[in-house]
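Colleague: Okay, here's the structure, questions in a sec.
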Amino acid sequence: MNYIWPPARPEAQWVPVGPLAKFPDVGADDGNLIQPRACDAEKLPGCRIVVVPKADPAKASGIAIPAGAVTSPSEGEDLKDQVVVFRYRDKVHAVDHAPPCTNIGLSRLTVSHLPLQQCPHNAYPLSNGTPFDIEDFGVVLSAGLTCPKHGWSFDLFTGQSDRGLYKLPVWEVQLRDAGGSPWSGSLRSETPDGTTVWVRRRQRIG
Numbered sequence: 248m249n250y251i252w253p254p255a256r257p258e259a260q261w262v263p264v265g266p267l268a269k270f271p272d273v274g275a276d277d278g279n280l281i282q283p284r285a286c287d288a289e290k291l292p293g294c295r296i297v298v299v300p301k302a303d304p305a306k307a308s309g310i311a312i313p314a315g316a317v318t319s320p321s322e323g324e325d326l327k328d329q330v331v332v333f334r335y336r337d338k339v340h341a342v343d344h345a346p347p348c349t350n351i352g353l354s355r356l357t358v359s360h361l362p363l364q365q366c367p368h369n370a371y372p373l374s375n376g377t378p379f380d381i382e383d384f385g386v387v388l389s390a391g392l393t394c395p396k397h398g399w400s401f402d403l404f405t406g407q408s409d410r411g412l413y414k415l416p417v418w419e420v421q422l423r424d425a426g427g428s429p430w431s432g433s434l435r436s437e438t439p440d441g442t443t444v445w446v447r448r449r450q451r452i453g
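Per our numbering, residue 248 is the first one in the sequence shown, and the count goes up by one each step.
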């Protein structure tokens, strides 16, 4: 019997982002994602921004963040296909830098009928956002990210917003050891030398 497997979608390709050691923990203060923090004897941006073309992830490229920058180097339509990657406490997260569509110039009625993947906050860069713990009576249930443009917040694991039914696209993250094999240990413990961060768009089933 011959089995014919469907070709892999381009977005299924993993993209390298950089060494885990170069990701400062942004949960150590109340600043936004992009502001520089002490890490590995350096001052490094709190996140990395990568352009990952949906049709060809192999052409992914990093966005240069100027030294000392406290706001995103890109905005508006430039945010298309960008992912922002950062370490918050014991987890590396990756989300769309901003959804690709804007509602600039549209009426409130039109915006209310936009598809759910459309941007609710004028394509504002989420690297300017602030991460936080989602708690209930002092118990940490999840982690979130607040966009300072209009105050929307998003769950970093599900993408669910705190307003309406909007969901922010969340990417898959994989850590790999120096040999290129997936590593699933806890970031609370010492990580293997040479551990790198990889991302890809969250895969649809079917």
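Even glycine gets a Cβ: it sits at the ideal position worked out from N, Cα and C.
Can you give me the C-alpha to C-alpha distance between residue 298 and residue 270, rounded to a whole angstrom?
Modeller: So the two alpha carbons sit approximately 18 Å from each other.
Colleague: Looking at the secondary structure, which residues open and close the beta strand (DSSP E) in which residue 434 lies?
Modeller: Taken as a continuous stretch (DSSP letters only), residue 434 belongs to no beta strand (DSSP E), as it is neither H nor E.
Colleague: Could you give the DSSP three-state label for residue 425: helix, strand or coil?
Modeller: Looking at residue 425 - three-state DSSP - the assignment turns out to be coil, as it is neither helix nor strand.
Colleague: Given a threshold of 16 other Cβ atoms within 10 Å of its Cβ, counted over all protein chains shown, does residue 386 qualify as buried or as exposed?
Modeller: The residue in question, residue 386, is exposed, as its Cβ has fewer than 16 Cβ neighbours within 10 Å.
Colleague: As an exercise, report each continuous beta strand (DSSP E) stretch of at least 3 residues that is fully enclosed by the segment 289-359, in chain order.
Modeller: Runs of the beta strand (DSSP E) inside the segment 289-359: 289-292, 294-298, 329-335, 338-343.
Colleague: Ordered along the chain, which non-local residues of its own chain (more than five positions away) have a Cβ less than 6 Å from that of residue 357?
Modeller: Any answer about residue 357 is weak, because its pLDDT of 45 lies below 50 and its placement is not dependable; what the coordinates show is given next. Here the set comprises nothing.
Colleague: Do residue 392 and residue 401 count as a contact pair if the criterion is CB distance below 8 Å?
Modeller: Result yes, Cβ atoms of residue 401 and residue 392 sit closer than 8 Å.
Colleague: Return the Cβ separation of residue 262 and residue 304 in integer angstroms, given the expectation that the two are a contact with Cβ distance under 8 Å.
Modeller: At roughly 5 Å, the Cβ-Cβ gap stays under 8 Å, so residue 262 and residue 304 are in contact.
Colleague: When DSSP labels each residue in this structure, what does residue 415 get in the three-state scheme?
Modeller: Coil at residue 415, not helix or strand.
Colleague: Alpha carbon to alpha carbon, what distance is there between residue 336 and residue 436?
Modeller: Going from the Cα of residue 436 to the Cα of residue 336 covers about 12 Å.
Colleague: In the DSSP assignment, what are the bridge partners of residue 285?
Modeller: BP columns for residue 285 point to 290.
Colleague: Drop a sphere of 10 angstroms on the beta-carbon of residue 317, count the other beta-carbons inside from all chains shown, and report buried for 16 or more, exposed for fewer.
Modeller: The residue in question, residue 317, is exposed, as its Cβ has fewer than 16 Cβ neighbours within 10 Å.
Colleague: Alpha carbon to alpha carbon, how far is residue 447 from residue 306? Give it in angstroms, no decimals.
Modeller: For residue 306 and residue 447, the distance between alpha carbons rounds to 13 Å.
Colleague: Do you know how far the Cα of residue 416 is from the Cα of residue 407?
Modeller: Distance between the alpha carbons of residue 407 and residue 416: 9 Å.
Colleague: Apart from the five residues on each side of it in sequence, which residues of its chain come closer than 7 Å, Cβ to Cβ, to residue 264?
Modeller: The residues are 295, 297, 332, 444, 445, 446.
Colleague: Out of curiosity, what's the CA-to-CA distance linking residue 390 and residue 302?
Modeller: Each residue's alpha carbon lies about 30 Å from the other.
Colleague: Measuring CB to CB, does residue 378 end up less than 8 Å from residue 273?
Modeller: A contact, by the Cβ cut-off of 8 Å.
Colleague: When DSSP labels each residue in this structure, what does residue 280 get in the three-state scheme?
Modeller: In this structure, residue 280 counts as coil in the three-state DSSP scheme.
Colleague: State the DSSP-derived secondary structure class of residue 443, mapped to helix, strand or coil.
Modeller: Correct three-state label for residue 443: strand.
Colleague: Using a Cβ-Cβ cut-off of 7 Å (strictly less than) and excluding sequence neighbours within five positions of residue 373, which residues of its own chain qualify?
Modeller: Same-chain partners within the cutoff: 331, 342, 344, 345, 392, 394.
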